[in-house]
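Worksheet: the structure to be examined is printed underneath.
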Amino acid sequence: MFPRLRRDHSARMSSRVVEQPYINKLPQEVVESIIDLLANERGALKSCALVQRSWLSRARHHLHRELTIDCGNHVLPTPEYYSTGAAEHIRSLKLIAPPQPPVPGASDAKARTVWAIVPRFTALRSLTLIFSNWTAPGKSYEWLRPVTRHITHLNLVFASFVHAVDFFRFLAMFPELESLAMTNVSFGTAALTAIPPPPPHGLRELLVRGHIVPPDVTRAFALWLCQLPRLVVPQFSLKWEVGQPECLVPILDGLGPRLAHLELPLWSAQHVPSEVVKTALHSVTFTSHIPEIGASDVAEILAFLARVATNELRTLTYDVRTTGPLDRVDASALGDLDAVLCATPHTRFPNLETVRFRVPADVAEKLAKGLPRASRRRALVVDVVKHT
């Protein structure tokens, strides 16, 4: 009996010896990659850390990867609070109302504290700046340069710049930038005082909300965007939520054949002339806050599609952003849309794969009946939006 127990015990121990060293011998960069991958799955990350105790210290930091610093608070943490070891694990930083960077000889204690803290976050991937003002003399935005090296997502909310070229020089500090979101960005002057530096080579997404002041600055945006490389397969995505339709045309003109995905309010579609969109769009999304799908709405969609190149169109999305049930769904208008999109032979839309509606649940069945051709082609997709 005792020899058998010893054999079983030795077998279990040998299996542990085989498995445990394998985990311990994983390169540090592999462990860091696994932890990064599980960063948003806190339960899985905790489980891995409990199984492999050597991960505990690193996982503990990764559970706190997002940080918000509200500079409007009367009391801010001291720079020593964010030690270099802790700061390097922060991946997403939201900075609210940052003060103007300190001027030599000035005694602004809050500015000195904030700008002693911010440069410590050198491993950021996402940065949000809310109520930031970059209108001080000189290039005050240079204080951000230590943290911009690896940032891929930048969100500007209520930002101010002196000249348009200052804005483009500001963006040039983000070499790895892939996605730029702007909400209510204003400029002192719209005229370009110098040729803007080219956009980051990997920029693939632009989201614009609110207002752009002054509107003429979008002409400078056109000159800036036209410097993006032209890929064999267009990949750029533009999401437009601005109440100034005249601002959209220069940006579309600057993007030209680089544009693949366009999202815009339905009411602004009529302001896009056919000569502006110089690309075969892969997907178009129309958004509406009116709780109905009427004949005029469908007419706007069809008029837009008639003006632009659609031979590469793969996805058409109609997103009704309403907080309640729809008041009306025009079955006749849906039939017209179905006939144009999915007619046989469908010469204008040979690559159309998906007709997507984001609507409340009460109209999902009506859409299936109103778009029979799309349903038969299994192209119709209905995303049910819950009432809020």
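The sequence shown begins at 1482 in the working numbering and counts up by one.
A virtual CB, placed ideally from N, CA and C, is assigned to each residue, including glycine.
Residue ranges of uninterrupted alpha helix (DSSP H) with 4 or more members are absent from the segment 1620-1647; none lies entirely inside it. When secondary structure is reduced to three states using DSSP, Thr1768 falls in the strand class. According to the DSSP assignment, Glu1686 belongs to the beta strand (DSSP E) that extends over Glu1686 to Val1694.
Here Cys1728 has Ile1693, Pro1696 and Thr1699 as same chain residues with Cβ atoms under 6 Å from its own Cβ, once five neighbours each way along the sequence are excluded.
Here DSSP, grouped into helix, strand and coil, assigns Thr1796 to strand. Every beta strand (DSSP E) of 3 residues or more that sits fully in the segment 1704-1730 is shown, in chain order, as 1717-1723. Shortest Cα-Cα distance from Ile1771 to any of Val1765, Val1779 and His1752 involves Val1779.
Runs of the beta strand (DSSP E) spanning 3 or more residues and lying entirely within the segment 1647-1677 occur at 1660-1670, in chain order.
Under DSSP, no beta-bridge partner is assigned to Asp1734. Counting C-beta atoms within 10 angstroms of its own C-beta, Gly1735 has 16 or more neighbours from the protein chains shown and is therefore classed as buried.
Beyond the five residues adjoining it in sequence on each side, Thr1609 comes within less than 6 Å, by CB distance, of Lys1575 and Asn1636 in the same chain, given in chain order. Annotated three-state conformation of Val1866 is coil, per DSSP.
For Phe1785, no beta strand (DSSP E) encloses it; the enclosing alpha helix (DSSP H) starts and ends at Ala1776 to Arg1788. Contact between Leu1861 and Leu1833 is ruled out by a C-beta separation of about 11 Å, above the 8 Å threshold. Only residues of its own chain outside the window of five on either side were considered, and among them His1634 and Glu1686 have a CB closer than 6 Å to the CB of Ser1660, listed in chain order. DSSP places Val1758 outside both helix and strand once states are collapsed to three, so it counts as coil. Counting along the chain, the unbroken beta strand (DSSP E) around Trp1615 starts and ends at Ser1607 to Trp1615. Sequence-distant partners of His1752 (beyond 5 residues in either direction) whose C-beta falls short of 8 Å from its own C-beta, in its chain, are Pro1726, Glu1727, Leu1729 and Val1730. For Asp1843, the number of other beta carbons within 10 angstroms of its own is below 16, and it is reported as exposed.
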